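This report concerns only the one structure given below.
Residue numbers (the working numbering): -5 to 81.
Right, here's the structure in full:
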(Lines of atoms letter the chains of each structure in order from A and count residues from 1; the text may use other names and numbers.)
(Lines give C-alpha, C1' and ligand atoms only; values in the text may rest on other atoms or scores of the structure.)
Protein backbone atom coordinates (compact mmCIF):
# COMPACT_ATOMS: atom_id res chain seq x y z
CA UNK A 1 0.00 0.00 0.00
CA UNK A 2 2.94 2.33 0.44
CA UNK A 3 5.75 3.64 -1.67
CA UNK A 4 9.31 3.96 -0.48
CA UNK A 5 9.20 7.79 -0.53
CA UNK A 6 6.52 7.98 2.17
CA UNK A 7 7.32 8.72 5.81
CA UNK A 8 6.58 6.26 8.60
CA UNK A 9 5.55 7.57 12.03
CA UNK A 10 8.33 6.85 14.54
CA UNK A 11 7.63 9.31 17.37
CA UNK A 12 10.76 11.35 16.66
CA UNK A 13 9.75 14.48 14.75
CA UNK A 14 13.25 15.09 13.39
CA UNK A 15 13.90 11.54 12.24
CA UNK A 16 12.67 10.24 8.87
CA UNK A 17 11.81 6.55 8.60
CA UNK A 18 10.85 4.90 5.32
CA UNK A 19 8.60 1.84 4.84
CA UNK A 20 10.25 -1.56 5.14
CA UNK A 21 9.18 -4.44 2.88
CA UNK A 22 7.29 -7.15 4.73
CA UNK A 23 5.75 -4.76 7.28
CA UNK A 24 2.03 -3.80 7.47
CA UNK A 25 1.11 -0.09 7.42
CA UNK A 26 -2.01 2.07 7.67
CA UNK A 27 -2.22 5.70 6.57
CA UNK A 28 -2.87 8.37 9.22
CA UNK A 29 -5.57 10.79 8.07
CA UNK A 30 -6.16 14.24 9.55
CA UNK A 31 -4.57 15.90 12.55
CA UNK A 32 -0.90 16.58 13.16
CA UNK A 33 0.36 13.31 11.63
CA UNK A 34 -1.73 13.46 8.46
CA UNK A 35 -0.23 11.54 5.57
CA UNK A 36 2.27 9.52 7.59
CA UNK A 37 2.18 5.75 7.70
CA UNK A 38 1.84 3.78 10.94
CA UNK A 39 3.50 0.38 11.21
CA UNK A 40 0.85 -1.95 12.67
CA UNK A 41 2.76 -5.18 12.10
CA UNK A 42 3.10 -5.91 15.84
CA UNK A 43 0.24 -3.73 17.10
CA UNK A 44 -1.95 -5.54 19.66
CA UNK A 45 -5.46 -6.48 18.50
CA UNK A 46 -7.07 -4.09 21.01
CA UNK A 47 -5.16 -1.11 19.57
CA UNK A 48 -6.02 -2.22 16.03
CA UNK A 49 -9.67 -2.06 17.08
CA UNK A 50 -9.76 0.85 19.56
CA UNK A 51 -7.03 3.09 18.20
CA UNK A 52 -3.64 4.36 19.31
CA UNK A 53 -2.22 7.38 21.13
CA UNK A 54 0.84 8.64 19.28
CA UNK A 55 3.38 11.08 20.71
CA UNK A 56 3.76 14.26 18.66
CA UNK A 57 5.13 17.75 19.21
CA UNK A 58 2.91 19.09 16.42
CA UNK A 59 -0.44 18.58 18.14
CA UNK A 60 -2.58 20.98 20.16
CA UNK A 61 -0.56 20.37 23.34
CA UNK A 62 2.94 20.67 21.85
CA UNK A 63 5.86 18.83 23.44
CA UNK A 64 4.63 15.79 25.36
CA UNK A 65 1.24 15.80 23.64
CA UNK A 66 -0.41 12.85 22.00
CA UNK A 67 -2.74 12.41 19.04
CA UNK A 68 -5.44 9.74 19.04
CA UNK A 69 -5.93 7.84 15.77
CA UNK A 70 -8.60 5.16 15.32
CA UNK A 71 -9.50 2.79 12.48
CA UNK A 72 -11.64 4.42 9.82
CA UNK A 73 -15.24 3.26 9.70
CA UNK A 74 -15.05 3.09 5.91
CA UNK A 75 -11.49 1.80 5.47
CA UNK A 76 -10.32 0.22 8.78
CA UNK A 77 -7.63 -1.94 7.15
CA UNK A 78 -5.82 0.93 5.44
CA UNK A 79 -6.59 4.17 7.31
CA UNK A 80 -6.61 5.40 10.90
CA UNK A 81 -8.36 8.78 11.32
CA UNK A 82 -7.52 11.50 13.82
CA UNK A 83 -9.89 11.71 16.80
CA UNK A 84 -8.20 14.58 18.68
CA UNK A 85 -5.23 15.52 20.84
CA UNK A 86 -4.54 14.99 24.53
CA UNK A 87 -1.82 16.26 26.89
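Note that beta-carbon positions come from the ideal geometry of N, C-alpha and C, so glycine has one too.
Predicted, not measured: the structure shown is a model, and the values here were computed from it.
Nearest-angstrom Cβ-Cβ length linking residue 75 and residue 24, presumed shorter than 8 Å: Within the chain shown, the letter at position 81 stands for residue 75. Within the chain shown, the letter at position 30 stands for residue 24. The Cβ separation is near 6 Å, so the contact holds.
For residue 14, the nearest candidate out of 21, 27, 33 (CA to CA): For the purposes of this step, residue 14 is identified with residue 20 of the chain shown, where counting begins at 1. With distances taken between Cα atoms, residue 14 lies closest to 33.
Distance, residue 35 Cα to residue 49 Cα: Numbered from 1 along the chain shown, position 55 holds the residue referred to as residue 49. Numbered from 1 along the chain shown, position 41 holds the residue referred to as residue 35. The straight-line gap from Cα to Cα measures roughly 18 Å.
C-beta atoms of residue 0 and residue 31 nearer than 8 Å: Locating residue 0 in the chain shown gives position 6, counting from the first residue. Locating residue 31 in the chain shown gives position 37, counting from the first residue. Result yes, Cβ atoms of residue 0 and residue 31 sit closer than 8 Å.
Those residues which DSSP pairs with residue 78 across a bridge: If you number the chain shown from 1, residue 78 lands on position 84. DSSP, once it has assigned bridges, lists 62 as partnering residue 78.
Nearest neighbour of residue 47, chosen from 22, 63, 71 [CA to CA]: Taking the chain shown and counting its residues from 1, the one referred to as residue 47 is at position 53. The residue with the shortest Cα to Cα distance from residue 47 is 63.
Per DSSP, the bridge partner or partners of residue 33: Taking the chain shown and counting its residues from 1, one reaches residue 33 at position 39. Beta-bridge pairing links residue 33 to 19.
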